[in-house]
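Structure first, commentary second.
Residue numbers (my numbering): 7 to 92.
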């Protein structure tokens, strides 16, 4: 008895359906080797250096001040009642 037959026999003890057992055997076949596998460690993306600089600057000036100088979303004035003015 080869390995596939043995596995089929084990599966048939757990299910009464030959179709289910055959599908499980197919599901557990080894995958073919990847042709374009990802190589690790990954190269740092371009923005990584910028964020390292932001972190270093934040140590001196504070997080909010640093990010406000870099991100336009944080450069809008904030004051009480500003949403009520036209």
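All residues carry an ideal CB built from backbone N, CA and C; glycine is no exception.
Asked	Found
Per-residue burial, residue 91 [other beta carbons within 10 Å of its own, 16 or more giving buried]	exposed
Start and end residues, alpha helix (DSSP H) containing residue 52	52–67
N- and C-terminal bounds of the alpha helix (DSSP H) containing residue 15	9–20
Length of the line joining the Cα atoms of residue 55 and residue 43	26 Å
Enclosing alpha helix (DSSP H) for residue 25 [first to last residue]	24–33
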